[in-house]
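In the numbering used here, the protein residues as written are 23 to 387.
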C-alpha cells in the first residue's frame, strides 16, 4: 500500500478513537505513529547500537542512546518532581530482574530486535521479526504467569531517585552516570581502533542524534499524556492474556500478576483503553507508513536459523517480563525516570548480549 491511502486510513482510525474511545487514546496513537516513524526512519535500534559497539568498535549507536537517555531524563525528572500524579518506571531489584535482563540481552541479538525493535521491524514487514512478534507476546504472557514465583526467590523494594533525592539531585546523578559511561565507551573504542590500525570512528552520527532528539520528545509526550513512561512489553503480554482469558485456556483469576486490580481490570476492558497497547499499535502503523511501497529487505534464513530465531523470540518475551521491561521499559524509561532497576538492567543485559552475539555468529545470522 502506498503512503497516501495508508495515511488516510491512519487518520480515519485516529478520528474513530477520538470519537468512540477518548482524546487521550487518540493522542497516544498519534505519539505511537511518531515513535514508529522515527524508529523505522532512522533505524534507531537499541540492539543494533550494542552490536556495533561490540563487533565494530563503533560508538555512535551507543552514544545516540546515551544522548536519548540524557535528554529524556532532563525532561522527565523535573516533570515527575513537580507533578506527583505522573509515575516513574519503577521495578524491584530482584533475582527475576538479574536473570531476565541477562537472558533478554542474549536473545535480543539472536532475534535481531528488542521490544521496540521487534515491533517496528514487524511494522516494516521484515519476515523474521513479523514471525517473532506473536511469539514475543506469548512469551511475555508466560513470564507474567510465573512472575510471582520468581519474585519469591528474592526481591527488594523499588527505588526511585526522584522520590529519594528530589528531581534535581536525581538528574545530576543520572547525567553524571551517563557521562561516565560515555567516557568509558569512547576510551574503549579509541584504544581498540588504534590497536587495529584504523581511524577512530565518530562518536556522534546524524541519524542517531536526530533519532535521540525526536524519541526523547515523543517519550516525554507519552509521559504527559499517559501519566506513565513509554513501555512496550506490557502490551504484548496483555494481548496474549486476553486471548487466553477469552478462550478459557488459563484461569487468570488466581494468578498473582493478573489478579492484581489494575491488570484484572485491563483484562476486561477493550485493548484500545490500554495506554501501552495503543502506543504499540501506533508504532506498527508509523513503521508501516515509513516502509510503504518498499519491499522488505532481509536475508533468507535456513530452517535451522528460523528455529533458533523463533525460539529466541519466545524466550525474549518471557525474559522481558521477568526483567520488568525491555530496552525501552527497563533501560530507557527506568533510567530516564530515576529507577535504580534500570541501572541494574543494563550491565546484565549487555553481558547477555556478548553471549548472544557468539550464538548469532555460530548460526550465521
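The beta carbon of each residue, even a glycine, is placed where N, CA and C say it ideally should be.
{"Query": "Residues bridged to residue 182 (per DSSP)", "Result": "361"}
{"Query": "According to DSSP, residues forming a beta bridge with residue 116", "Result": "177"}
{"Query": "Counted within 10 angstroms of its Cβ, other Cβ atoms place residue 144 as buried (16 or more) or exposed", "Result": "buried"}
{"Query": "Within 7 Å, strictly: CB atoms of residue 120 and residue 294", "Result": "no"}
{"Query": "Same chain, Cβ closer than 6 Å to residue 241, neighbours up to 5 away in sequence not counted", "Result": "94, 252"}
{"Query": "Cα-Cα separation, residue 302 to residue 206", "Result": "34 Å"}
{"Query": "At least 3 beta-carbon pairs within less than 8 Å: the region 319-327 vs the region 43-55", "Result": "no"}
{"Query": "Local Cβ density within 10 Å of residue 104, reported as buried at 16 or more and exposed below that", "Result": "exposed"}
{"Query": "Euclidean distance between Cα positions of residue 69 and residue 134", "Result": "7 Å"}
{"Query": "Best match in 109, 306, 256 for proximity to residue 342 [C-alpha to C-alpha]", "Result": "256"}
{"Query": "Cβ separation of residue 337 and residue 59, assumed to be a contact under 8 Å, to the nearest whole Å", "Result": "Not really, about 29 Å apart at Cβ, beyond 8 Å."}
{"Query": "Reduced DSSP category for residue 64 - H, G, I as helix; E, B as strand; rest coil", "Result": "coil"}
{"Query": "Unbroken alpha helix (DSSP H) run spanning residue 35, endpoints", "Result": "25-42"}
{"Query": "Cα-Cα separation, residue 228 to residue 83", "Result": "11 Å"}
{"Query": "Nearest-angstrom Cα separation, counted from residue 216 out to residue 298", "Result": "44 Å"}
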